[in-house]
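Each protein sequence line maps, in turn, to chains A and B.
Going by my numbering, the first residue of the first sequence is number 105, and it counts up by one from there.
Going by my numbering, the first residue of the second sequence is number 60, and it counts up by one from there.
Encoded as structure tokens, the structure appears first; notes follow it.
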Amino acid sequence: MSLQSKHMLGLQHVSDEDIITILNTANAMKDIIKRKIKKVPTLRGRTVVTLFYENSTRTKTSFDLAGKYLSADTVGLSASSSSVQKGESLIDTARTVEAMGADVVVLRHPAAGSSKMLAENINCSVINAGDGVHEHPTQALLDMFTISEHKKDFKGLKVTIVGDILHSRVARSNIWGLTKLGAEVSVVGPATMLPPKMEKMGVKVYTNMEEALAGADVVNVLRIQLERQKQGLFPSLREYSRLYGINQERLALLKDDAIILHPGPMNRGVEIVSRVADSSQAVIEEQVTNGVAVRMALLYLLTGGEKVEDVN
Amino acid sequence: MKMLIKGGDVVNPEKMNVEQLDIKVESGVITAIGNNLPVEGAQVVEADGKLVCPGLIDMHVHLREPGYEHKETIATGTKAAAQGGFTAVACMPNTNPVADNASIIRHILERSEAEGVVKVYPIAAITKGSKGDELTEMADLKSAGAVALSDDGIPVASAAVMRRAMQYANMLNLPVIPHCEDKDLVGGGVMHEGFQSTVLGLPGIPAAAEEVMVARDIILAETTGCKLHIAHVSTAGSVELVRQAKRRGVNVTCEVTPHHFTLTDEEVTGYNTNTKVNPPLRSSADVLAIKEGLADGTIDVIATDHAPHSEEEKAVEYQYAPFGLVGLETAVGLVFTELVSKGILTAPEAIAKLSLNPARVLGIKAGKLMVGETADITIIDPGAKEVINPAHLAGKSKNTPFNGRELKGLPVMTLVNGKIVMRDRRVTG
Numbered sequence: 105m106s107l108q109s110k111h112m113l114g115l116q117h118v119s120d121e122d123i124i125t126i127l128n129t130a131n132a133m134k135d136i137i138k139r140k141i142k143k144v145p146t147l148r149g150r151t152v153v154t155l156f157y158e159n160s161t162r163t164k165t166s167f168d169l170a171g172k173y174l175s176a177d178t179v180g181l182s183a184s185s186s187s188v189q190k191g192e193s194l195i196d197t198a199r200t201v202e203a204m205g206a207d208v209v210v211l212r213h214p215a216a217g218s219s220k221m222l223a224e225n226i227n228c229s230v231i232n233a234g235d236g237v238h239e240h241p242t243q244a245l246l247d248m249f250t251i252s253e254h255k256k257d258f259k260g261l262k263v264t265i266v267g268d269i270l271h272s273r274v275a276r277s278n279i280w281g282l283t284k285l286g287a288e289v290s291v292v293g294p295a296t297m298l299p300p301k302m303e304k305m306g307v308k309v310y311t312n313m314e315e316a317l318a319g320a321d322v323v324n325v326l327r328i329q330l331e332r333q334k335q336g337l338f339p340s341l342r343e344y345s346r347l348y349g350i351n352q353e354r355l356a357l358l359k360d361d362a363i364i365l366h367p368g369p370m371n372r373g374v375e376i377v378s379r380v381a382d383s384s385q386a387v388i389e390e391q392v393t394n395g396v397a398v399r400m401a402l403l404y405l406l407t408g409g410e411k412v413e414d415v416n
Numbered sequence: 060m061k062m063l064i065k066g067g068d069v070v071n072p073e074k075m076n077v078e079q080l081d082i083k084v085e086s087g088v089i090t091a092i093g094n095n096l097p098v099e100g101a102q103v104v105e106a107d108g109k110l111v112c113p114g115l116i117d118m119h120v121h122l123r124e125p126g127y128e129h130k131e132t133i134a135t136g137t138k139a140a141a142q143g144g145f146t147a148v149a150c151m152p153n154t155n156p157v158a159d160n161a162s163i164i165r166h167i168l169e170r171s172e173a174e175g176v177v178k179v180y181p182i183a184a185i186t187k188g189s190k191g192d193e194l195t196e197m198a199d200l201k202s203a204g205a206v207a208l209s210d211d212g213i214p215v216a217s218a219a220v221m222r223r224a225m226q227y228a229n230m231l232n233l234p235v236i237p238h239c240e241d242k243d244l245v246g247g248g249v250m251h252e253g254f255q256s257t258v259l260g261l262p263g264i265p266a267a268a269e270e271v272m273v274a275r276d277i278i279l280a281e282t283t284g285c286k287l288h289i290a291h292v293s294t295a296g297s298v299e300l301v302r303q304a305k306r307r308g309v310n311v312t313c314e315v316t317p318h319h320f321t322l323t324d325e326e327v328t329g330y331n332t333n334t335k336v337n338p339p340l341r342s343s344a345d346v347l348a349i350k351e352g353l354a355d356g357t358i359d360v361i362a363t364d365h366a367p368h369s370e371e372e373k374a375v376e377y378q379y380a381p382f383g384l385v386g387l388e389t390a391v392g393l394v395f396t397e398l399v400s401k402g403i404l405t406a407p408e409a410i411a412k413l414s415l416n417p418a419r420v421l422g423i424k425a426g427k428l429m430v431g432e433t434a435d436i437t438i439i440d441p442g443a444k445e446v447i448n449p450a451h452l453a454g455k456s457k458n459t460p461f462n463g464r465e466l467k468g469l470p471v472m473t474l475v476n477g478k479i480v481m482r483d484r485r486v487t488g
């Protein structure tokens with residue numbers, strides 16, 4: 105039941121079996137989170153270091169809690185508080201952390217490929233918590249886990265990802281993971297925010313929101329970064345919202361039992377209106393809980409955990 | 060000191076032929092070319108089965124001195140050149156300080172005289188400090204020994220400045236060698252914009268970033284009459300723009316690097332920073348178009364854009380690594396392996412692009428094997444094979460993307476002014 109891969113760098117090169125193993129294990133982990141006493145001794149004596157070169161309260165907290173619920177010692181290093189400020193290289197920082205006894209390093213970094221570089225230079229397991237606009241595998245896994253709780257099968261499932269696809273590591277990881285398990289993935293956004301030749305990743309690419317949403321089972325709404333407007337990628341938030349915002353009229357284009365995901369934090373009234381965000385079809389809070397479960401599953405599996413029954 | 064290079068296949072890039080001949084060298088000058096020349100006490104170099112070529116010239120090299128001696132120096136860079144079969148290099152002005160005044164040009168020439176293993180032809184900056192604003196003292200630079208003007212690495216953004224630079228350079232008969240890149244279109248790009256950049260999540264550099272500047276500079280050359288040589292073309296569109304301009308009779312030439320006719324953006328998979336280069340490794344369609352451009356003569360010159368960077372500078376995240384790779388020592392092998400062996404160029408055509416053509420662009424007296432000419436000679440063994448090992452490179456920096464690649468067709472002797480500076484793949488000078 106253990107994973108084929110020592111690291112979790114992205115979903116592009118992860119096997120279908122590993123994805124399924126992680127999702128199944130996350131299911132068991134979620135039971136722990138639901139308990140009154142949310143702690144098991146499974147990873148006692150193990151050390152998880154979160155190395156964050158970008159601000160991200162929610163992902164960092166999610167990893168921290170995932171480690172703590174499994175009794176691992178978790179330590180956080182952020183770029184502003186460490187020797188990074190003194191000009192130390194990423195590899196040297198990671199080697200230092202490893203020398204102090206880390207079993208797993210969780211890396212969030214603005215440069216694509218940084219997790220891979222780390223994995224090639226240290227011996228402990230590396231989890232990519234987002235590298236530039238390359239991949240954010242744990243986000244995609246938690247999205248997939250959330251989908252699996254609502255939909256029977258990924259095969260033939262119509263998933264539409266909306267927004268700034270060009271700058272989205274979440275979109276890329278979701279595309280690799282979902283297509284591996286047989287989902288039909290579409291992406292939609294303004295032409296200036298669609299990366300070239302994305303259809304070669306096995307997705308349909310749209311600029312028209314209505315076409316992209318028609319008959320979808322799942323919509324994953326990406327956060328629009330407000331600074332992209334200043335960079336000239338779209339004219340105004342008003343126009344973005346008009347063309348790509350999820351509202352009640354657009355909700356009607358989806359399958360009746362469609363669900364809405366958002367990786368957060370939301371810009372209410374821009375990419376998603378509150379009526380939709382707070383509707384019964386939105387599963388945004390479940391995603392947050394599932395994020396902890398998926399990260400618990402990964403920490404457990406990457407440190408050699410085999411059978412789910414052992415967790416208790 | 061007499062030398063007889065015996066029985067080699069002498070390459071004539073002017074007549075585009077190969078003929079088995081002996082070459083006699085005395086006091087650094089070619090004194091006889093013919094059949095069965097008498098030895099008369101000369102040192103004999105057996106060249107049977109080897110190509111005896113006019114000394115190769117790499118017209119696009121970064122020697123990094125002054126200012127970046129941790130990457131390369133005139134001594135180590137010219138050693139790498141000799142190892143690679145080059146008898147001369149032209150060095151780019153993006154040093155620190157920028158080669159924008161006569162004293163720096165003289166400094167480079169003096170250092171080359173003192174420590175250089177091969178000949179060095181300095182290229183001066185187009186604008187002061189390469190800032191893109193004020194023209195350099197081009198006449199003074201020419202007097203000091205600059206052979207051309209370039210904005211390599213720091214493109215002149217203003218079309219008005221470039222137009223005046225071309226008008227002024229044309230008056231002095233100095234070629235302008237633009238590095239064609241619209242920095243706005245490049246944005247934060249670090250690799251070719253295409254499917255690979257989409258998958259890798261690295262910011263892309265669109266082909267248009269190069270092509271709009273190639274088009275601009277061709278139009279400016281057309282209206283000013285300036286001799287224009289476009290550095291390192293990398294896209295199908297650039298090749299086509301040059302092809303059309305040549306048909307119209309524009310005074311334009313261009314060059315391509317070995318890495319741009321060999322590698323594609325797929326090499327970037329794995330985030331090896333030694334694949335990070337500007338212009339970036341492009342698509343397979345671009346590589347194909349470049350090979351067509353080489354074959355039909357649109358591309359006149361093969362130059363390496365030898366750009367050394369230290370190990371520390373390259374051992375960082377891909378986005379933060381400097382652009383550039385070393386090329387002097389792998390160029391000839393790549394030309395023979397990728398172009399001559401595959402029938403894209405004949406040996407004389409390839410040698411023309413490595414000797415006579417760059418000499419003509421730079422207006423230097425070189426590129427021909429004739430009686431009375433200086434004995435700058437490169438001998439290539441078309442059958443010699445070697446697997447590239449960065450640790451064995453003679454240059455100071457080892458940032459090559461060709462680690463582990465086997466090359467066939469290698470320089471085995473380099474002669475500068477009749478003196479052997481490289482023999483049997485080892486620098487002697």
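All C-beta atoms, glycine included, are put in the ideal place defined by N, C-alpha and C.
What does a CB cutoff of less than 6 Å around asparagine 458 (chain B) pick up in its chain, not counting 5 residues either side in sequence? Around asparagine 458 (chain B): Asn333, His368, Lys373, Leu384 and Val385.
Integer-rounded CB distance, given that glycine 204 (chain B) should sit under 8 Å from isoleucine 164 (chain B): Going by Cβ atoms, the distance from isoleucine 164 (chain B) to glycine 204 (chain B) rounds to 5 Å, so yes, they are a contact pair.
Please list, in chain order, the chain A residues whose beta carbon lies closer than 9 Å to that of glutamate 252 (chain B). The contacting residues are Pro299 and Pro300.
Please name the residues in the segment 215 to 232 of chain A whose beta-carbon is closer than 8 Å to at least one beta-carbon of chain B, in chain order. Those would be Ala215, Ala216, Gly217, Ser218, Lys220 and Met221, in chain order.
Please work out which residues of its chain come closer than 8 Å, Cβ to Cβ, to glycine 236 (chain A), disregarding the five sequence neighbours upstream and downstream, and give them in chain order. For glycine 236 (chain A), where only same-chain residues beyond five positions count, the Cβ hits under 8 Å are His213, Pro214, Ala215, Ala216, Gly217, Ser218 and Arg273.
Return no unless some Cβ of chain A is closer than 8 Å to the Cβ of glutamate 270 (chain B). Chain A, which has no Cβ nearer than 8 Å to the Cβ of glutamate 270 (chain B), makes this no.
Under the three-state DSSP convention, the category proline 417 (chain B) falls into: The DSSP-derived three-state label of proline 417 (chain B) is helix.
Beta bridge counterpart(s) of lysine 83 (chain B) as assigned by DSSP: Its beta-bridge partners are B:Leu63 and B:Ala91.
Using three-state DSSP, classify lysine 478 (chain B) as helix, strand or coil. DSSP, reduced to helix, strand and coil, places lysine 478 (chain B) within a strand of the structure shown.
Distance cutoff 8 Å, beta carbons only. Does glycine 236 (chain A) sit that close to anything in chain B? So, interface residue.
Could you check whether the Cβ of alanine 344 (chain B) sits closer than 8 Å to any Cβ belonging to chain A? Alanine 344 (chain B) does not count as touching chain A.
Mind listing the chain B neighbours of isoleucine 195 (chain A)? Cutoff is C-beta to C-beta under 8 Å, in chain order. Going along chain B in sequence order, the residues near isoleucine 195 (chain A) (Cβ under 8 Å) are Ala374.
Looking only at DSSP bridge pairs, what is lysine 30 (chain B) linked to? The question about residue 30 (chain B) has no answer here: the residues shown for chain B are numbered 60 through 488.
Can you find a CB in chain A that lies within less than 8 Å of the CB of leucine 208 (chain B)? It does not; no Cβ of chain A falls within 8 Å.
Which one or two residues does DSSP pair with methionine 400 (chain A) in a beta bridge? According to DSSP, which records beta bridges pairwise, methionine 400 (chain A) is partnered with nothing at all.
As assigned by DSSP and simplified to three states, the class of glutamate 105 (chain B): Here glutamate 105 (chain B) sits in strand by DSSP.
Using 10 angstroms around the beta-carbon of alanine 304 (chain B), count the other beta-carbons present and answer buried if the total reaches 16, otherwise exposed. With 16 or more neighbouring CB atoms inside 10 Å of its own CB, alanine 304 (chain B) falls in the buried class.
Compare the C-beta of glycine 392 (chain B) with all C-beta atoms of chain A and state if any pair is closer than 8 Å. Not an interface residue.
Which residues of the segment 273 to 305 of chain A have a Cβ closer than 8 Å to any Cβ of chain B? Give them in chain order. Answer in chain order: Arg273, Arg276, Pro299, Pro300, Lys301, Met302, Lys304 and Met305.
Unbroken alpha helix (DSSP H) run spanning histidine 318 (chain B), endpoints: Residues 317 to 321.
Just the Cα atoms here: how many angstroms apart are histidine 366 (chain A) and histidine 240 (chain A)? About 14 Å.
In whole angstroms, give me the CA-to-CA distance for phenylalanine 382 (chain B) and valine 336 (chain B). Spanning the two alpha carbons is a distance of roughly 4 Å.
Please report the distance separating the alpha-carbon of valine 387 (chain A) from that of histidine 365 (chain B). The straight-line gap from Cα to Cα measures roughly 55 Å.
May I ask you to report which of helix, strand or coil DSSP gives serine 290 (chain A)? Here serine 290 (chain A) sits in strand by DSSP.
For serine 256 (chain B), which option in B:Asp107, B:Ala183 and B:Thr328 has the closest C-alpha, if you only look at C-alpha atoms? Nearest C-alpha to serine 256 (chain B): B:Thr328.
For leucine 384 (chain B): DSSP bridge partner residues: DSSP lists B:His365 as partners of leucine 384 (chain B).
List the endpoints of the continuous beta strand (DSSP E) containing tyrosine 310 (chain A). Its beta strand (DSSP E) spans residues 308 to 310.
Could you tell me which of B:Asn416, B:Ala409, B:Lys427 and B:Gln378 sits nearest to methionine 221 (chain A), measuring between CA atoms? Check the Cα spacing between methionine 221 (chain A) and each of B:Asn416, B:Ala409, B:Lys427 and B:Gln378: the tightest is with B:Gln378.
Pull up the distance between the alpha-carbon of glycine 408 (chain A) and that of alanine 176 (chain A), whole angstroms please. Approximately 14 Å between the Cα atoms of the pair.
Which one or two residues does DSSP pair with cysteine 313 (chain B) in a beta bridge? Partner(s): B:Ile289.
Reducing DSSP to helix, strand and coil, say where valine 394 (chain B) ends up. The DSSP-derived three-state label of valine 394 (chain B) is helix.
CB contact flag (isoleucine 82 (chain B), valine 103 (chain B), <8 Å): Between isoleucine 82 (chain B) and valine 103 (chain B), the C-beta spacing is not below 8 Å.
For threonine 132 (chain B), the three-state DSSP class (helix, strand or coil): Here threonine 132 (chain B) sits in coil by DSSP.
Lysine 142 (chain A): buried (16+ other C-beta within 10 angstroms of its C-beta) or exposed? Exposed.
What residue ranges within the segment 254 to 291 of chain B form continuous beta strand (DSSP E) runs of no fewer than 3 residues, ordered along the chain? You should have 287 to 289.
Determine, for threonine 334 (chain B), whether the minimum Cβ-Cβ distance to residues of chain A falls below 8 Å. Not a single C-beta of chain A is nearer than 8 Å to the C-beta of threonine 334 (chain B).
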